[in-house]
Structures are given as structure tokens and as C-alpha cells.
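Scroll down for the structure; my scribbles are underneath it.
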Amino acid sequence: MNGNDSEHIAGILLSCGAIPSVSPEESDLVVINTCAVREKSEEKLYSLLGRLNSIQKKSEKKFTVGVVGCVAQLQRAKLLEKMPQIDFILGPDNYSQIPEILSKHLEEKVISTKWRKDWQEIPSEQTLRTSKVSAFVTIMEGCNNFCTYCIVPYTRGREKCRPTPQILDEVRDLAQKNYKEIQLLGQNVNSYVDPETQMGFVDLLRKVNTIEGIDWIRFITSHPKIFSPDIATAMKESERVCHQLHLPVQSGSTSVLHRMNRGYTREEYRQIIKNLRSLMPDISLSTDIIVGYPGESNKEFQETMSLLEEIQYTNIFSFRYSPRPLTKAENFKDDVPFVVKKERLIAVQDLQKNIQIKTNQSLVGSTIKVLCTGRSKKDPNIFSGRNAGYQVINFSAKKDVKDQFVNVLITSCGPYSLRGHTL
Ligand code: 5AD
Ligand code: SF4
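Residue numbers (the numbering used here): 296 to 718.
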């Protein structure tokens, strides 16, 4: 979602006449889009502000600085304390003010973090997409779930859904521009409801599936609490929807899930996976894991390990728990010692690494359809892309295949990527 916001912000800046530059030293304007989801991402922002401060001091020319996004929404005072010369601060619902702010030549600081209740359409042409073939399409924003560890409901506000006709128009427009893959985007895509017709996510997915020209459709992120069997059926029956799903479990322990306010049990999660696999045996699954949540005992942690062992995800994103402001868990005792959190994270990542080595090795010798989206900076003959299962494939090709579908023979692999060559 943040990546997509950055594409919108860059597009808005271009429409104001800005041109991209390579470094702050050469820039008149620096806009930092921020993420507040974990402590580490926020810390990265403060170190970047420190760097910008020292560049400002050294350089003769002053550049304008805007901090936008989720940290901007919550930490106005702290940001100004760290870098008093920040010129504007905008929350995730306020990017559209950028042209107005810039046109007023920044006579005074602008701080704007008011949430909007209804969907606010950003014109598609105001998006500077990083890829020419793969695009994000936002369908909803915000979250009503209030998982106890999570800052998102406090930074992005409540759920707002984009009207279906606008979503379909954008996908049709992308198809016309030769885009091949789209990812429907939202904090909680399964709770999508068209504000006009009350049509839900399953119908939206089926409608998007009818649009000619798009070959691969994905959606992110789904919530296990509301992942009904009809979504799995719609995935199976929609030929353009990839057999790939990111379904964050967070923990394999029902008691931890309860303390996290996730709204499902280990057993219910296992049932969802069982149903998905029975409908689509080739489905590629990924998840998010938090280790060291307040009160997580070794027994509870082992339940996460055994779930990973059982499900055999293609990929996982794993994090050490960090308390976030305003959340319920901020008031819980953060009682798992830092070293234990670290050990648990290493244990999870080691286990998963071995799983991925095994699953990746099983693909060596096969030929896989890959959408090529990039090229290695070091070696222009090495390309990179993803398969339908969203695995990273690095491969050699005799001609330029960027932005195309290719068939790649897989010849070797590591835990995090597959390697091969075009046929
Ligand atoms: N600490 C650690 N990880 C977190 N996440 C969200 N909040 C926290 C937190 N306070 C993780 C969850 C979520 C992913 C985007 O970030 O796993 O799914
Ligand atoms: Fe955060 Fe939970 Fe909402 Fe996901 S569902 S954004 S983890 S509160």
C-alpha cells in the first residue's frame, strides 16, 4: 500500500511539473513517504531525517522537505522536533493537497492529517507506475479490525471502499496500456463492499476476471477471519486469478491469536488452508509471522513452528514484535526478552529457509512461465521476474525480454529465488 502511495505521490508531483532527480543534494523538493507499522520502519525515517539535516547544513541550496504517510499522521510534533525545517506534513488521506501546497510557495508550514470518510478518487493518469506490465489497483483502504499490536487503524482510519465502476475502469485502462498483471490492493480486501450496490469482494473478483488482456490477477491482503470458502471457489473458477495467496496468520497458537484479537483459531486457519489446497493443489501460499508477542510462552511459540512445518509456505515475512503507539498491546507488558525474540525470529527464519530450499529444489528441471519485470544492474543479460506463485526467478536470456512473459527452464535455486534461462 505504501509503495502504491509513493507511485501516486510521484505522479502528483510530475503533474505539478516536477522532474525526478537522483539525490537530495540535487533536489529542490524531497518528499518522504513513511511507514509506521513497526518500530524499525519509524527509526529508519529518523535516521534519514538526520542525514537530510546534515545535507541541508552543508549545501548552499535549501530544499523543501515534506513528510507524508503513516508516521506523518501520528508523529507531527516528534517530526518537527527532529527536523524543524520540515515544510509540510500530510497524512495518508491528504496527498491530494500537494499541488496546492507547492503553488503557494510554502509561505508557511502546512500540517494536514484529517481523515476523509468517503473514498477519494485519484485520477489514474496521476500515478507514476514503476512497472509497465504489473500494476497495483487499490480497491479499499483503512481497517476496522483493531488487532491489538497494529497501528494501521490509527494511521489509515476506518475502511473505505472504492466504487466498483472506478476499479473496473482502471483495470480496463491498464489492459489497454498492455499491463499483464494487476494486484488488487487493500488492508482487508475480503471486506470489500461496493458503496453503491453493496456487491462484495467475490463478485468484484469475478468481474475483474472478465477483463480481456490481463493475464494474472492477485489480491492482497486477505484476513483469515473473513476468508469465506466462496473466495476460494471464485479463485478456482476465475482463470486469470493466480493460484497464489498471502494469508497472514501472525501466530500458530490459538491463545496468542486470541490475545492479538485476530478473530480465528489455529484450527479455523488450518481449515481455510485445507479447503484452498483441496480446490487448488498447486496454490502457493505466503504469510506474516510475529514472534515475541506479549506473554508468548515457549509452548505457544512452538505452535507457530509446527504450523509453519505443516503448511509449507512458499514464502513468509517474519517480525519481532515491537510495541506501537495507541495500540492495545502497548499497555501489555512487553515481557518476552529481546534476546528471546531474536532467537525465535532466527528459529522461524531457519525453519522456513529449509522448507524453501526443499520446495524450490522440487522445481529444478521444470519450465515455468515468468513475467519479466526487471534486469540485473550488474549483468544486463540477467533478468528477473516472478511466476504465477509469486516466486522470484532470475534468469539469462539472449534478447531483451523485460516486460514480457517468457518460459524459463529452472536450472538451480537458493532458498529465496530460482535461477534458469529462457528456452
Ligand atoms: N510488531 C511487529 N510486527 C508487526 N506487524 C504489524 N504490527 C506489528 C508490530 N507491532 C506485522 C504483521 C503485519 C505486517 C504488515 O507487519 O505481521 O501483518
Ligand atoms: Fe493491522 Fe489487523 Fe488491520 Fe491487518 S487486519 S491492518 S494487522 S489491524
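Even glycine gets a Cβ: it sits at the ideal position worked out from N, Cα and C.
Round the Cβ separation of residue i and residue j to the nearest angstrom and send it over; I've been treating them as touching at under 8 angstroms.
| i | j | result |
| --- | --- | --- |
| S657 | N610 | S657 to N610, Cβ: 15 angstroms. No contact. |
| N483 | C438 | 6 angstroms |
| L615 | K594 | It is Arg, not Leu, that sits at residue 615 in the sequence shown. About 19 angstroms separates the two Cβ atoms, so there is no contact after all. |
| E476 | W511 | 4 angstroms |
| N299 | L480 | 6 angstroms |
| S613 | I584 | 4 angstroms |
| I393 | I307 | 5 angstroms |
| H541 | T516 | 6 angstroms |
| K502 | L463 | 6 angstroms |
| L423 | A305 | 4 angstroms |
| S391 | Q368 | The pair is not a contact, with the Cβ atoms about 15 angstroms apart (cut-off 8 angstroms). |
| D468 | S419 | 6 angstroms |
| D602 | L646 | Looking at the sequence provided, one finds Leu at residue 602 rather than Asp. That belief does not hold up - the Cβ atoms of L602 and L646 are roughly 11 angstroms apart, past 8 angstroms. |
| K531 | M575 | 6 angstroms |
| I417 | H303 | 5 angstroms |
| V544 | Y474 | The Cβ separation is near 31 angstroms, so there is no contact. |
| V536 | N504 | 6 angstroms |
| P589 | F627 | 4 angstroms |
| S546 | Y685 | Between Y685 and S546 the Cβ distance is about 23 angstroms, and since that is not below 8 angstroms, they are no contact. |
Name, in chain order, the residues that DSSP records as bridge partners for residue i.
| i | result |
| --- | --- |
| W511 | E476 |
| S311 | The sequence given here has Cys at residue 311, not Ser. DSSP lists no partner for C311. |
| Q539 | S579 |
| G481 | DSSP lists no partner for G481. |
| C708 | L713 |
| C667 | G680 |
| F431 | Q478 |
| N689 | S679 and R714 |
| G364 | T329 |
| N702 | K664 |
| V659 | Looking at the DSSP assignment, V659 forms no beta bridge with any residue, so it has no partner. |
| V503 | According to DSSP, which records beta bridges pairwise, V503 is partnered with nothing at all. |
| G495 | V488 |
| I584 | Q545 and S613 |
Please return the same chain residues whose Cβ sits closer than 6 angstroms to the Cβ of residue i, not counting the five positions on each side in sequence.
| i | result |
| --- | --- |
| N607 | The displayed chain sequence assigns Gln, not Asn, to residue 607. So the list reads I650, once near-sequence residues are dropped. |
| T662 | N702 and L704 |
| Q699 | C667 |
| S316 | S322 |
| P710 | K648, Q651 and I652 |
| F431 | N299, Q478 and L480 |
Suppose the cutoff is 7 angstroms on Cβ atoms and the five residues either side in sequence are ignored; what does the same chain contact list for residue i look like?
| i | result |
| --- | --- |
| V497 | D525, I526 and A529 |
| P337 | Note that residue 337 corresponds to Glu in the displayed sequence, not to Pro. Closer than 7 angstroms at the Cβ level, and outside the excluded window around E337, lie A331 and V366. |
| R696 | Checking the sequence, you will find Val at residue 696 rather than Arg. Contacts found: C667, F678 and T717. |
| S301 | N328 |
| G587 | R615, Y616, V631, V635, K636 and R639 |
| E436 | R451, K455, G481 and Q482 |
| P319 | V325, L347, I350 and F358 |
| V466 | V432, I477, V503, I506 and I509 |
Note down, in chain order, each residue of its chain lying with its Cβ closer than 8 angstroms to the Cβ of residue i, except the 5 sequence neighbours on either side.
| i | result |
| --- | --- |
| H716 | F690, S691, A692, V703, L704 and T706 |
| E562 | T549 |
| N570 | P524 and A527 |
| T492 | T459 |
| V643 | I584, V586, T599, M600, L603, I611 and S613 |
| Y487 | I434, M435, C456, G481, G495, F496 and L499 |
- Evaluate contact between the segment 430-447 and the segment 542-559, counting only Cβ atoms and requiring at least three cross-stretch pairs below 8 angstroms. Yes, the segment 430-447 is in contact with the segment 542-559.
- Is it a yes or a no for the segment 665-679 touching the segment 614-624, going by three-plus beta-carbon pairs under 8 angstroms? Cβ pair count under 8 angstroms is below three, so no.
- Which ranges does the beta strand (DSSP E) cover as unbroken runs of at least 3 residues, wholly within the segment 321-360, from first to last along the chain? Listed in chain order, they are 324-329.
- For the segment 404-415 and the segment 374-387, state whether three or more C-beta atom pairs, one from each stretch, are separated by less than 8 angstroms. Taking one beta carbon from each stretch, the segment 404-415 and the segment 374-387 have 3 or more pairs nearer than 8 angstroms; the two touch.
- Query: Considering only residues of the segment 586-654, which uninterrupted alpha helix (DSSP H) runs meet the minimum length of 4 residues and lie entirely inside it, listed in chain order?
  - Reply: Segments of the alpha helix (DSSP H) lying fully in the segment 586-654: 593-606.
- Item | Cβ contact (3+ pairs, closer than 8 angstroms) linking the segment 583-600 and the segment 520-533 | Under the 8 angstroms Cβ criterion, the segment 583-600 does not count as touching the segment 520-533, having fewer than three qualifying pairs.
- Query: When the Cβ atoms of the segment 624-634 are set against those of the segment 672-682, are three or more pairs found closer than 8 angstroms?
  - Reply: The segment 624-634 vs the segment 672-682: no contact.
- Task: Specify whether the segment 319-326 and the segment 347-366 touch according to this definition: at least 3 beta carbon pairs, one from each stretch, less than 8 angstroms apart.
- Result: Result yes; three or more Cβ-Cβ pairs closer than 8 angstroms.
- Could you name each continuous alpha helix (DSSP H) segment of 4 residues or more that falls completely within the segment 375-455, going from the start of the chain to the end? Look at the segment 375-455 and you find these whole runs of alpha helix (DSSP H), each 4 residues long or longer: 393-398 and 447-450.
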